[in-house]
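Working notes, beginning with the structure itself.
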Amino acid sequence: MRLTELLKSDEVTISCELFPPKQGAQLENYKKIVKEMADLKPAYMSVTYGATGGTSDYTVELANEVCNVNHIPALAHLTCASSTKEKVASVIAELKEHKIENILALRGDIPQNAEFPLPDQYKHASELIADIKAQGDFCIGGACYPEGHPEAQTIYEDLDHLKEKVDAGCEFLTTQMFFDNNILYNFMYKALKKGIDVPIVAGIMPVTNAAQIKRITSLSGNMVPPRFLAIVDRFGENPEAMKQAGIAYATEQIIDLIANGVNHVHIYTMNKPDIAGAILDNLSQIYVRK
Numbered sequence: 002m003r004l005t006e007l008l009k010s011d012e013v014t015i016s017c018e019l020f021p022p023k024q025g026a027q028l029e030n031y032k033k034i035v036k037e038m039a040d041l042k043p044a045y046m047s048v049t050y051g052a053t054g055g056t057s058d059y060t061v062e063l064a065n066e067v068c069n070v071n072h073i074p075a076l077a078h079l080t081c082a083s084s085t086k087e088k089v090a091s092v093i094a095e096l097k098e099h100k101i102e103n104i105l106a107l108r109g110d111i112p113q114n115a116e117f118p119l120p121d122q123y124k125h126a127s128e129l130i131a132d133i134k135a136q137g138d139f140c141i142g143g144a145c146y147p148e149g150h151p152e153a154q155t156i157y158e159d160l161d162h163l164k165e166k167v168d169a170g171c172e173f174l175t176t177q178m179f180f181d182n183n184i185l186y187n188f189m190y191k192a193l194k195k196g197i198d199v200p201i202v203a204g205i206m207p208v209t210n211a212a213q214i215k216r217i218t219s220l221s222g223n224m225v226p227p228r229f230l231a232i233v234d235r236f237g238e239n240p241e242a243m244k245q246a247g248i249a250y251a252t253e254q255i256i257d258l259i260a261n262g263v264n265h266v267h268i269y270t271m272n273k274p275d276i277a278g279a280i281l282d283n284l285s286q287i288y289v290r291k
């Protein structure tokens, strides 16, 4: 199924993200995680692509497990930073072979101490999107940053680049995580004003331990609302309490999003079906799993 069939409807969708193993010996355990996540009946499941190339070898295999074994629509990630153009062509051929129709095209994080781009690499996601489009009839998504890309001077410069991705053939966008819904609402208004009118999927990260929030803010510079910092301060040293509070906060974010007409939500699960399941249980009358 092409994801735009879901994302252009008014139906509420909640999807989940997985990451593949770094080593083939772990693959069977990861397939069990796919099965547990699929049993939750998300609208679709995405499979990430290692930014440094370390996990990319198993992206297609896990996406195949999602789509053709567990019968959930799969969204395979593909990045510029860890792929040559030849590698991209090879992955596209594999995706065609497995009848996987959906690709999330990203620049990806540039590996430390690496020269980027090399002559045989794409520099921008817009270039990757255009080439994927030329190589097959895929439904292509892209990433967006409600708080602005860390490398952009302003949110308006970032929106210019985002418009380039849409013009190149990007059919929907998935946001990076955010912890204040007003940031997303403001971003969506600016994006629409810029002429970016493709579906936007809200990316939600359930933060269930205090170390996560420190890592997230150091890597991405996300703005963390005082009310969430208070939760971390109060419950951060009690793992079970922090897990429950993090699930509750993510649930509350999703309820507010849906109440305000943002019908499509993507949960960054960190390969934890129990956390995704707890959130979906909290939404049992809001998101009806099929």
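Heads up, the sequence shown is in this note's numbering, so the first residue is 2 and it goes up one at a time.
For each residue, glycine too, the CB sits at the ideal point set by N, CA and C.
Only a predicted model underlies this, so the values are computations on that prediction, with no experimental measurement involved.
Cβ neighbours of residue i in the same chain (closer than 7 Å, five flanking residues each side left out)
i, result
"residue 279", "248"
"residue 294", "Only positions 2 to 291 of the chain appear in the structure, and residue 294 is not among them; the question remains open."
"residue 80", "50, 52, 107, 108, 109"
"residue 251", "205, 207, 280"
"residue 54", "Residue confidence for residue 54 is low, a pLDDT of 45 falling below 50, so the modelled location carries little weight; the figure read from the coordinates is stated next. Hits under 7 Å: 83."
"residue 22", "28, 31, 56, 59"
"residue 61", "77, 92, 95, 96, 99"
Residue interval of the alpha helix (DSSP H) (run including residue i)
i, result
"residue 173", "From DSSP, residue 173 is part of no alpha helix (DSSP H) but of the beta strand (DSSP E) over 173-176."
"residue 247", "240-260"
"residue 61", "60-65"
"residue 167", "156-169"
"residue 278", "274-283"
"residue 153", "Where residue 153 is concerned, there is no enclosing alpha helix (DSSP H), given that its DSSP letter is neither H nor E."
"residue 141", "Here residue 141 belongs to no alpha helix (DSSP H); instead the beta strand (DSSP E) covers 140-145."
Buried or exposed (CB count within 10 angstroms, at least 16 for buried), residue i
i, result
"residue 290", "exposed"
"residue 256", "exposed"
"residue 59", "buried"
"residue 65", "buried"
"residue 193", "exposed"
"residue 102", "buried"
"residue 261", "exposed"
"residue 72", "exposed"
"residue 10", "exposed"
"residue 26", "exposed"
"residue 234", "exposed"
Residue range of the unbroken beta strand (DSSP E) whose run includes residue i
i, result
"residue 73", "It is not in any beta strand (DSSP E) - residue 73 carries neither H nor E in the DSSP assignment."
"residue 268", "265-269"
"residue 48", "46-48"
Cut-off 8 Å between Cβ atoms - residues of its own chain near residue i, not counting five sequence neighbours on either side
i, result
"residue 238", "211"
"residue 100", "68, 69"
"residue 90", "136"
"residue 76", "4, 16, 45, 46, 47, 48, 64, 103, 104, 105, 142"
"residue 168", "127"
Proximal residues to residue i (C-beta, below 6 Å), its chain only, five neighbours per side dropped
i, result
"residue 123", "81, 129"
"residue 284", "none"
Contact test: residue i Cβ vs the ligand ATP heavy atom, cutoff 7 Å
i, result
"residue 9", "With respect to the ligand ATP, the structure offers nothing, as it holds no ligand at all."
May I ask you to verify whether the region 39-48 touches the region 81-89, counting CB pairs closer than 8 Å and requiring at least 3?
-> no
Do the region 199-214 and the region 2-16 meet, that is, are 3 or more Cβ pairs less than 8 Å apart?
-> yes
For the region 185-216, which segments carrying the beta strand (DSSP E) assignment without a break, of at least 3 residues, lie completely within its bounds, in sequence order?
-> 201-205
Entirely enclosed alpha helix (DSSP H) segments - the region 9-43, minimum 4 residues = DSSP runs (the alpha helix (DSSP H)) wholly in the region 9-43: 28-39.
At what residue ranges does the region 80-107 contain a whole run of the beta strand (DSSP E), taking only runs of 3 or more?
-> 103-107
Give a yes or no on contact between the region 238-254 and the region 269-284, applying the rule of three or more CB pairs nearer than 8 Å.
-> yes
Are the region 144-156 and the region 174-192 touching, with three or more C-beta to C-beta distances below 8 Å?
-> Between the region 144-156 and the region 174-192 there are three or more inter-stretch CB-CB distances shorter than 8 Å, so the stretches are counted as touching.
Pairing CB atoms from the region 254-272 with CB atoms from the region 228-243, are three or more of them under 8 Å?
-> no
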